Structures are given as structure tokens and as C-alpha cells.
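Numbering (UniProt numbering), first residue to last: 1 to 801.
Note that the Cβ used here is the ideal one computed from N, Cα and C, for glycine as well.
Remember, it's a predicted structure, so these values are computed and weren't measured experimentally.
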Amino acid sequence: MSVMHGAILLPILISLFIPLLAKRLPNIHTGWFVLVVPVLLVSYFSRFLAGTMSGETFTARMPWIPSLGIDFVTYLDGLGLLFALLITGIGSLVVLYSIFYLDAKKESLGTFYVYLLMFMTAMLGVVLSDNMIVLYLFWELTSISSFLLIAYWYERERSRYGAQKSMLITVFGGLAMLGGIAILSTLSGSLSIRETYASLESIQGEPFFSVALVLFLLAAFTKSAQFPFHIWLPDAMEAPTPVSAYLHSATMVKAGLYLVARFSPIFADESLWFYLVSSVGIFTLFWGSLNAVKQHDLKGILAYSTISQLGLIMSLLGLGAAALHVDALDDGLYTIATVAAIFHLINHATFKGSLFMMAGIVDHETGTRDIRKLGGLAQLMPISMTIAMIGTLSMAGIPPFNGFLSKEMFLTGVLEVSGSDLFHLPSYGWIIPVLAVVGSIFTFVYSILIVRRTFFGKRQDDKLPKTPHEAPIGMLIPPLVLVSLVVIIGLFPNILSDTLIRPAVEAILPQVVDAGGKIDVHISMWHGFNTELFLTLVIISAGVILYKTLPRWQSLYNRMPRAVSLNHQYDALLRRGEQTSTKIHDTVMTGYMRSYLVYIFGFIVILILTALYGFDAFRFAVDPISSIDAYEIILALVLVSSALSITFARSRLTSIILLGVTGYTVALFFVLFRAPDLALTQLVIETVSVALFLLVFYRLPEISRKEERIPFKLGNALISALVGLTVTLVALASLSQRSFTSIAKYYIDNVADLAAGGNMVNVILVDFRGFDTLFEIAVLALAGIGIYTMIKFRRTGGMDK
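Below is the structure:
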């Protein structure tokens, strides 16, 4: 295992000891021990900055399942390093915040930090894995760990509902990605992302290439809460605020953005990729900002604003795909959209993380997040108000904060690509900037709403569950660090240009670099009087007007019928699924063993007969069949007679005896065919079975006269005859034709040399099929324990109670 593998697995390995620490040191907040992990990791990953700036990549391989081409291969380039630093850097601040947010006396801190560290490993695995199967495993681990974190307060119904909702939607996307991986790896012959990119020319024209593209995008859209899969994110706000600040602003929801960025070199030249990513992203920006305005919960507003901002970044990644189009590679056009995507991704992590922490502080110190009950907190909570002001102004795109810079670049990228002649955009490219501007206007509105309704206006202390006051310094430090970055990056944006942004963009646009194009990242606050500045003024002016007139038009939200909402459709789909499954269960699960045997045997008959017909296996040869002696015929008649007699027996004891005769006759066949080991096994099993039947039936009443004559059932008789016929046909087909060379010769040649044994059957059971035999012994041991328990239970009188 390399150091890189150790860095990825370190959080989940440390989590194994967290419950022990929480139990042994109850007077020390567990978070102080956990804080060491992300701090060490952010220090470790920072060492790679110089290398990625110069274009280096770092790989490490750990063998896992080499026979299937599955190895844990890590690959760190500019894109992976950016996400690794976000995961560990924001993670460090979130752990510090949670130390003061979560009460050690009231909360199960050991459980919380185990889930948090599990999630950290999952995210690091996603952004640093080159093998697509390993990437998928970590991808699903993010869904599982986020489910556990959202349901942390599991005694609350809304927490359980939100966790289930996020799990169902994101796991659905993960399964779609697994299908895409299967198709893509089949086309390229490799599970490596880099090797798939290297074989791009040979797989782009394949008919299933577009199917893989759509499946990967389903995974990205579900994880990054893109329309119409965004509905899980607002309900996930039932999680503790540290979880919201970490998962739903800086890490998990950005996993989908990472997936789009990482696979852009493979899919971006397809027009379908351009249209789906850009159109879904730009509509999500519009829809999220539109719905954020109608929310009354602070975290609810931030949830929809996160959806909107994720849509903005997603649309930029889609528009940036134009830079990889064949016609654009020669002159390196349209890279501005990808640069803006990476820059805004960093900025969003800073201002949105601080805003989620601010919302948690308000909730922690006032007892509510309802903006209808808040107001006038600026005098009581001036530091929190400052955090909210800087964060919301940056999110609204107001200078001199970092959000203004990336929002200007967003408008530049939208105007540049929508006005191009690529992908037939001149026909309807105007829709993109229109939705971008409208979404930005509503972003300005809900940004004002957060600050004004929380910290200004009239105080409503009578509506607050707690007397409001400023948060302790420990809870204020993490958001203060983030808003400090908002200001610093806004004033000095080029500190990120060559360190983080350019290496990440080069990883997303390798074709541009390969074609000799230079990606030059230079960010400045002033670009002169241009279209982007005019649009910014329009956004601010329209936003102020809409906020001032909010009471007049906010009621329009209530006119949308709830029946057509996506949340209502989701709930209705779950209800219909539950009702359908209940009907199927009540129909199939009758409580009678006879019915279950009919299902099992009927399925076996259909499956085997279909397979025999499909593979043209209904061919039988009599040459391999040896001669049949008289005593074999006699034993066969005894076997058939005893089996048939069971169906006519009027006594349970008679049925048991006849069943034993059937089993012992089979053992005699093994003796005649010179298989003493099988005969001995059959005798032991038959003896135990008869004994068990006697123990069970001893407790049952005698057969009544009504039960003496069991009515004939054609269905049961037909199933029985078909099962017997199917087994006979399989035996004859196996004897008559062989698709593979018999393994018998291998055993004959190697029994003595490899296993140093003389009895071939024993050697096969103990050496060549040792695990099979071991599991059989385990089953017999468990059965023996069960029999002993039943007998002992009966002796103590337990069965009579």
C-alpha cells in the first residue's frame, strides 16, 4: 500500500477507534481527536501543489482483483488535487465547528464522527480513483455514509424521510453509472479512465457510446441535485448543520460535478453531452433560485440556493465542452467557461460553507431557523451578521467579493458560447443567457432575503424559543476563516490562477493542451464597460425591484397545484410501489409450504427447459450408457414404489418410514456404483433426517379421517411430473454431449503429485474442494447445534410453554 492509498483510507481506519475513544475519554470532546485527521491530510495533499502546477501527475497501484482488471489505482492531477484539498480543508473546519455545535452530553458523538470519517474516505476515493469499478464502490459509499449522516437524528421522522429520499435517488444514479461503466469498459477493453481516454478514437463511433454517456450523466445529475433529481437535497437539511455545511455545500453534491469534469475528455465532443449538461445545468440554476425565494427556513433557502449554484457550475462545465469540439481545438476557444466553472466551484465552497454555518449558529442561539420569527439580530449577533453579509453578497455576485468575479466569468462564458456556431446554437442559443440572467436575479433576491429577514427589521423575541446571543468563539472561527477567504480571493484572485485553477482546467481539457493551445488564467476585478457589466447592473436593479415588491407577487407560488410538484410525484410513486408490493406479497405469500414449492419447482422447470431448448441440448446418445443388471432394476422398482407409496400413506409414521426406505435405497445405489464415501454420507444424512422427522411429527396430532383421502390436484401432479422429467432430461443431455473437457483426467494426474493422497474422492473433498467441504461441515455443525438445542429445550419443558 502506497502513502496515497494510506491517505485515502486513513479516515475510515481511524474511525474504527473513535467509539473506543468516546467511551474511554467521555470528558474530552471526540472531535478534538478527529480534527487531527483532516488537518494531516490537507497538509499531505498540499505537498503536491508544486507538482500539479508544472503539469505532473502522481499514480500508485495496489493489486486487488487483477484477474478481472480491478486494481486500486490512484491518480492525482490538478483536478483530483483541487477536490482533495476541498474535502480535507473544508472537512477540518467542519470538524472544528461541530466540536462547539454538538453537545457531548446529549449527542452520540462516536457515531457521528464514524459516519463523517467514512464519508471523507469515500469522497477521497471518488476523486482519486482511476479504476472505474473502484470509483463506483467509493461513489456508493458516499451515498451510504450520507444516508447515515442525514439520519443521524433518526428519532425524527423528517430525518428518516430525508435520508431515505437521498439514498433512493443517489443510489439509482449510482446503478446507472455502473451500467455506463460496463458499456464503456466493454468498448475500450479497460476499466482505467486514462486508458479509456487513450482509446477514444476507436470507441466514439460505437452505437452504445451514447448510452454510456447518458448513464454517466444520470449519476452526475442525481448526486449533484440537478433538475428533476434535486428534490432530495432540501429534505437532507434535516441533518445536523455541520453535515449540511460539509456534504451539501462543499463535497458530496460536488461529486457529480467532479464526474462530469473527469469524463468530459471522453464524452465532451458529443453534441448530446453539450446539450444535456448545459441545458440541465442552466435550467437547474433558474429553478433552484426561483424556489429559494418562497422558503421560510434558513437552511431551506440555502438548500435551494445550493441547487441553483450547482446548476450554474454544471452549465459552465457543459458550455466548456465546446472547447473540446474538433472545430474549436485549433484556436483554443471557449476555455473561459471551464475556468469559470472551477473558479466558482472554489468560491461556492467558501461562501456557501460559511452561510450554512451561520444558519446553524442562528438556530443554535435562537432555537429556530424560521425567518418569519427572526429579525433584528444584528445588534445581538454582530459577528454572525458580518458572516451572513459577506457570504450573501458574494453569492449574489456583488464586488469586491470572490462570487462577483466568477459570476462575471459565468456571464462571459454564457455569452461567448451561446453566440458561437457550434452545435447549431445560433437557432436557440439566446435561451442560455436569458435563463442565466433570470436565475441570477432571483439569486440576488434570496440573498437579500437571508440577511434582511434574519438580522434587520423588528426583533421578535416573544417568538424565539431561546434568548438570542452571539455564538462562542469556537463556533465562529470556521465561518470567519471561510469569509476571510471570500474577501482575500475577491481582492487577490490570481493566487489561485496557477496553483489550483489552471492545473484543474488542463485536466478537464487535455485535448486543448495536446493541440498546443495554452490555457492562460488571469482574473481581474475590472474589465471595462462591457456586456457583462451591463447584465450585472440589470441583475442588481431587477433584484432590488423584485425584493421591494415581494409581498405583491410571492403569493403566486401558492397557485401551483401541489399535485404537479415533483415531491408529490415522488411520494405518490413510493405509495404506489408499497401498495403494489403489498398486493404481490398477499397474493404470493400464502403461508403454505406447498405453494412455495410450486413456485420454486415451476421456475426451475421453466428455466432449465428453456435453456435446453435455447442451446439445442435435446440430443441424447445411448452409446455411453452401460448395461443394466437385474438387481439394479429391482432397486429402482423399490425406489419408485416407496416414493409413490408416500403419497397414499394414511399415517405420518408410515410416510416417514417410506421416506427412509427411499433414502436408504439411494445409498445402496452408491454402494453398487462403488462410491462408499457418498453411500456413507447418504446413510448419515438419511438417519439424521428420519430422526428429525420423528421428533417433529411426534408433536403433531394424528391424521384425522377428513385427511385420510387427500384430493387429487392436477397442478401439483403436473409440477411433480415436470420436475422429474426435467431432471431426467438434464442427466441424459449431460451424458450425451459435453461442452467442456472433463476435469476427471486432471484429478487422476494430480491427486498423487499435488495432494499426496491415494483416495481420489477424499483428496478432491479435502484439498481440491476444501472450501466447499469446509462450508458443508459448518452447515452440519449448525444443524447439530440446532438439534441439540431442540432436544435440550424439550427436556426442560420449554416446548410445552
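Other residues of its chain near residue i: CB distance less than 6 Å, five sequence neighbours each side excluded
{"i": "Asp-330", "result": "Confidence at Asp-330 is low in this model, with a pLDDT of 46, below 50, so the placement of that residue should be treated as unreliable; the coordinate-derived value is given next. Within the same chain, Asp-330 has no close Cβ partners at all."}
{"i": "Leu-435", "result": "Ile-282 and Phe-286"}
{"i": "Gly-429", "result": "Ser-418"}
{"i": "Ser-354", "result": "Ile-387, Gly-391, Pro-479, Leu-482 and Val-483"}
{"i": "Arg-705", "result": "With a pLDDT of 49 at Arg-705, under the threshold of 50, the modelled position of that residue is not reliable, and no figure is offered here."}
{"i": "Leu-319", "result": "Ser-278, Ala-337, Gly-413 and Val-417"}
{"i": "Ala-22", "result": "Thr-30, Leu-109 and Gly-110"}
{"i": "Leu-592", "result": "At residue 592 the sequence reads Tyr, which differs from the Leu that was named. Counting only Cβ-Cβ distances below 6 Å, and skipping sequence neighbours, we find nothing."}
Through-space distance from residue j to residue i, alpha-carbon basis
{"i": "Ser-627", "j": "Ile-633", "result": "11 Å"}
{"i": "Leu-644", "j": "Tyr-631", "result": "20 Å"}
{"i": "Phe-274", "j": "Arg-594", "result": "57 Å"}
{"i": "Gln-554", "j": "Leu-574", "result": "31 Å"}
{"i": "Ala-104", "j": "Leu-116", "result": "16 Å"}
{"i": "Leu-718", "j": "Val-671", "result": "32 Å"}
{"i": "Glu-565", "j": "Gly-724", "result": "At residue 565 the sequence reads Ser, which differs from the Glu that was named. Roughly 55 Å separates the two Cα atoms."}
{"i": "Met-167", "j": "Ile-193", "result": "26 Å"}
{"i": "Ala-268", "j": "Ala-198", "result": "15 Å"}
{"i": "Ser-655", "j": "Leu-68", "result": "51 Å"}
{"i": "Ile-501", "j": "Glu-107", "result": "39 Å"}
{"i": "Phe-442", "j": "Val-293", "result": "7 Å"}
{"i": "Phe-343", "j": "Asn-27", "result": "42 Å"}
{"i": "Ala-50", "j": "Ile-523", "result": "20 Å"}
{"i": "Val-34", "j": "Leu-546", "result": "45 Å"}
{"i": "Ser-279", "j": "Leu-257", "result": "15 Å"}
{"i": "Lys-792", "j": "Trp-64", "result": "47 Å"}
{"i": "Tyr-788", "j": "Glu-140", "result": "43 Å"}
{"i": "Pro-399", "j": "Leu-405", "result": "8 Å"}
{"i": "Lys-299", "j": "Ser-447", "result": "13 Å"}
{"i": "Ser-440", "j": "Thr-580", "result": "43 Å"}
{"i": "Ser-271", "j": "Ala-321", "result": "9 Å"}
{"i": "Leu-537", "j": "Ala-396", "result": "12 Å"}
{"i": "Leu-683", "j": "Leu-782", "result": "19 Å"}
{"i": "Ile-90", "j": "Ala-250", "result": "7 Å"}
{"i": "Ile-608", "j": "Val-598", "result": "15 Å"}
{"i": "Phe-208", "j": "Gly-179", "result": "11 Å"}
{"i": "Ile-183", "j": "Val-214", "result": "11 Å"}
Expected contact under 8 Å - CB spacing of residue i and residue j to nearest Å
{"i": "Ser-736", "j": "Phe-620", "result": "5 Å"}
{"i": "Leu-247", "j": "Gly-173", "result": "Contact flag wrong, Cβ pair sits at about 16 Å."}
{"i": "Met-123", "j": "Ile-87", "result": "5 Å"}
{"i": "Ile-150", "j": "Val-253", "result": "With 8 Å as the limit, Ile-150 and Val-253 do not qualify as a contact, their Cβ atoms being about 13 Å apart."}
{"i": "residue 877", "j": "Ala-236", "result": "With the chain running from 1 to 801 in the structure shown, residue 877 is simply not present."}
{"i": "Tyr-101", "j": "Thr-241", "result": "6 Å"}
{"i": "Ala-733", "j": "Ala-617", "result": "5 Å"}
{"i": "Ala-245", "j": "Val-94", "result": "6 Å"}
{"i": "Leu-668", "j": "Leu-635", "result": "6 Å"}
{"i": "Met-118", "j": "Ile-12", "result": "5 Å"}
Beta-carbon spacing of residue i, residue j below 8 Å
{"i": "Ile-539", "j": "Thr-338", "result": "no"}
{"i": "Ile-203", "j": "Ser-185", "result": "no"}
{"i": "Thr-499", "j": "Met-177", "result": "no"}
{"i": "Pro-478", "j": "Tyr-152", "result": "no"}
{"i": "His-296", "j": "Ile-371", "result": "yes"}
{"i": "Leu-191", "j": "Ile-133", "result": "yes"}
{"i": "Met-409", "j": "Ser-384", "result": "no"}
{"i": "Ile-313", "j": "Ala-341", "result": "yes"}
{"i": "Asn-347", "j": "Ser-394", "result": "yes"}
Own chain residues within Cβ distance below 8 Å of residue i, not counting five before or after
{"i": "Met-4", "result": "Phe-58, Ala-60, Thr-74, Leu-76 and Leu-128"}
{"i": "Met-381", "result": "Ile-361, Val-362, Glu-365, Phe-455, Pro-468, His-469, Glu-470 and Ala-471"}
{"i": "Ser-10", "result": "Looking at the sequence itself, residue 10 is Leu, so the reference to Ser does not match. The answer, listed in chain order, is Val-37, Leu-40, Leu-41 and Thr-121."}
{"i": "Gly-457", "result": "Gly-375 and Gly-376"}
{"i": "Ile-495", "result": "Ile-488 and Ile-489"}
{"i": "Asp-800", "result": "A caution first: Asp-800 carries a pLDDT of 49, below 50, which makes its placement in the model too unreliable to give a value."}
{"i": "Phe-768", "result": "Tyr-747 and Ala-755"}
Cβ neighbours of residue i in the same chain (closer than 7 Å, five flanking residues each side left out)
{"i": "Ala-378", "result": "Met-385, Phe-455 and Phe-456"}
{"i": "Pro-694", "result": "The question names Pro, but residue 694 in the sequence shown is Leu. For Leu-694, where only same-chain residues beyond five positions count, the Cβ hits under 7 Å are Ile-656."}
{"i": "Ile-764", "result": "Tyr-747"}
{"i": "Pro-561", "result": "none"}
beta-carbon residue i near the ligand ATP non-hydrogen atom, thresh 7 Å
{"i": "Ile-398", "result": "With respect to small molecules bound, the structure shown includes none, and the ligand ATP cannot be examined in it."}
For this session: Spell out a yes or no on whether the stretch 105 to 117 and the stretch 72 to 79 are touching, meaning 3 or more CB-CB pairs, one atom from each, closer than 8 Å.
Result: no
For this session: Kindly confirm or deny that the stretch 287 to 297 and the stretch 305 to 322 touch, where touching means at least three C-beta pairs closer than 8 Å.
Result: yes
For this session: Examine the Cβ distances between the stretch 260 to 270 and the stretch 598 to 608 and report whether three or more of them are shorter than 8 Å.
Result: no
Problem set entry | Validate contact between the stretch 646 to 662 and the stretch 681 to 696 using beta carbons, cut 8 Å, 3 pairs | yes
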